[in-house]
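Trainee:
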Amino acid sequence: DTAVSQTPKYLVTQMGNDKSIKCEQNLGHDTMYWYKQDSKKFLKIMFSYNNKELIINETVPNRFSPKSPDKAHLNLHINSLELGDSAVYFCASSLWTSGESDEQYFGPGTRLTVT
Amino acid sequence: AQTVTQSQPEMSVQEAETVTLSCTYDTSESDYYLFWYKQPPSRQMILVIRQEAYKQQNATENRFSVNFQKAAKSFSLKISDSQLGDAAMYFCAYRSAWSGANNLFFGTGTRLTVIP
Numbered sequence: 004d005t006a007v008s009q010t011p012k013y014l015v016t017q018m019g020n021d022k023s024i025k026c027e028q029n030l031g032h033d034t035m036y037w038y039k040q041d042s043k044k045f046l047k048i049m050f051s052y053n054n055k056e057l058i059i060n061e062t063v064p065n066r067f068s069p070k071s072p073d074k075a076h077l078n079l080h081i082n083s084l085e086l087g088d089s090a091v092y093f094c095a096s097s098l099w100t101s102g103e104s105d106e107q108y109f110g111p112g113t114r115l116t117v118t
Numbered sequence: 003a004q005t006v007t008q009s010q011p012e013m014s015v016q017e018a019e020t021v022t023l024s025c026t027y028d029t030s031e032s033d034y035y036l037f038w039y040k041q042p043p044s045r046q047m048i049l050v051i052r053q054e055a056y057k058q059q060n061a062t063e064n065r066f067s068v069n070f071q072k073a074a075k076s077f078s079l080k081i082s083d084s085q086l087g088d089a090a091m092y093f094c095a096y097r098s099a100w101s102g103a104n105n106l107f108f109g110t111g112t113r114l115t116v117i118p
């Protein structure tokens, strides 16, 4: 059984389009994340949701809008795609525990290519 | 924000030999967690090992062990008896122990090549 799944795994689209990436976890976790990995392999947090509420919103363009319909899903919608949005986007999930080294489980990533 | 530095963009090791990957971090917090993640060509992020800052004992997972030096803010990964399957990007990551911040801060990664 896949713990954290993302769809699609590959996405090729043109500048100016709007696209969504879906993420689902079946681990019973209450916290989900979106990370972006750029062309130099650098990974950076974008958003964090706990129990469907936004906890972290790093400095990302407001063209990026996360949506969490329930604790098991965190989707990422991107408006007006730009060339610089090309990257691999990772979804992750974990349990929100205070002071515990809970593991974050990552999805397989979505490679977004904007042409 | 915390910063994590991996000063070795690339490393190579002979099969069956030992290699150490370096990681340093900058934080003003006293309690936190450190991780090493492996990313093979499949792109999947895999947790290799983790260390709680309040524990003095270095974490060990089979062939993987860490050298955690809290005062020096250093967290290196030692891979013993290297195998071809160890070839991957390795990322060092930091997480605050503060309950309001569960996200990971990653280093820039070290690409490990294993030579047969």
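Sequence lines, in order, name chains A and B. Add 3 to a position in the first sequence, counting from 1, and you land on the number used in this note's numbering. Add 2 to a position in the second sequence, counting from 1, and you land on the number used in this note's numbering. Idealized CB from N, CA, C, for every residue including glycine. As the structure is a prediction and not an experimental result, all values here were calculated from the model.
Measure the C-alpha to C-alpha separation of Met-47 of chain B and Gly-19 of chain A and round it to an integer number of angstroms.
Mentor: 30 Å
Trainee: Exposed or buried, Ile-48 of chain A, counting other C-beta atoms within 10 Å across all chains shown (16 or more means buried)?
Mentor: When all chains shown are included, Ile-48 of chain A counts as buried.
Trainee: Starting from Met-18 of chain A, trace the beta strand (DSSP E) in both directions and tell me its first and last residue.
Mentor: First-last for Met-18 of chain A: undefined, no H or E at that position.
Trainee: If we cut at 8 Å on Cβ distances, does Val-91 of chain A have a partner in chain B?
Mentor: yes
Trainee: Can you tell me whether Asp-73 of chain A is helix, strand or coil according to DSSP?
Mentor: strand
Trainee: Straight-line CA distance for Asn-60 of chain A to Arg-66 of chain A?
Mentor: 13 Å
Trainee: With a cut-off of 8 Å on the beta carbons, I'd call Asn-104 of chain B and Ser-23 of chain A a contact; round off their distance for me.
Mentor: Incorrect: roughly 24 Å between the Cβ atoms, too far for contact.
Trainee: Leaving aside the five residues before and after Glu-12 of chain B along the sequence, list all residues of the same chain whose C-beta is less than 6 Å from its C-beta, in chain order.
Mentor: Arg-113
Trainee: Got a sec: is the Cβ-Cβ distance from Gly-111 of chain B to anything in chain A below 8 Å?
Mentor: By this cut-off, Gly-111 of chain B is an interface position.
Trainee: So, under 8 Å CB-CB, Leu-84 of chain A and Thr-16 of chain A are touching, yes? Tell me the CB distance rounded to an integer number of Å.
Mentor: 6 Å
Trainee: On the three-pair Cβ rule with 8 Å, is the region 63-78 of chain A touching the region 66-80 of chain B?
Mentor: The region 66-80 of chain B and the region 63-78 of chain A do not touch, with fewer than three beta-carbon pairs separated by less than 8 Å.
Trainee: Between the Cα of Ser-98 of chain B and the Cα atoms of B:Gly-111, B:Lys-72, B:Leu-106, which residue gives the shortest distance?
Mentor: B:Leu-106
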